[in-house]
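Just so you know, we're using the working numbering here: the sequence shown kicks off at 3 and counts up by one.
All residues carry an ideal CB built from backbone N, CA and C; glycine is no exception.
Have a look at the structure below before the remarks.
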Amino acid sequence: MNTPETAKLHSNAFLNHEELCDLTGFRHAKKQCEQLRKQGVAFIVNARGYPRVSRAVLDNLGVHTKPKSQSKTAKWQPSVVQAA
3 MNTPETAKLH SNAFLNHEEL CDLTGFRHAK KQCEQLRKQG VAFIVNARGY PRVSRAVLDN
63 LGVHTKPKSQ SKTAKWQPSV VQAA
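Set out below in structure tokens:
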């Protein structure tokens, strides 16, 4: 049974459309699939023909992803300040 909590969890398990466009450089599903194959990124195609990429797949490739709502951005400091 899908509750709002599990629905949110499942939606965060995969890249959203904008993230997929950013990863591939393409907005159209056919081109996205071609690019994902070239990049060696495992994906599935949903019933509507759109690729779905799991965040876990990218994490295993060394590309760390976090949904924007959960990501924490560290304040940049020059290395001189960090060493002090």
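Which residues bound the alpha helix (DSSP H) around residue i?
i	result
R50	Premise fails: R50 is in no alpha helix (DSSP H) and is neither H nor E.
H1	Lying before the first or after the last residue shown, residue 1 is absent from the chain, which here runs from 3 to 86.
V59	R57 to N62
K40	A31 to Q41
Mark residue i as exposed unless 16 or more other C-beta atoms lie within 10 angstroms of its C-beta, in which case mark it buried.
i	result
V82	exposed
Q41	exposed
N18	exposed
V47	exposed
G53	It should be pointed out that residue 53 corresponds to Pro in this sequence rather than to Gly. Buried, by the Cβ-count rule.
L38	buried
DSSP on residue i, reduced to helix/strand/coil?
i	result
P80	coil
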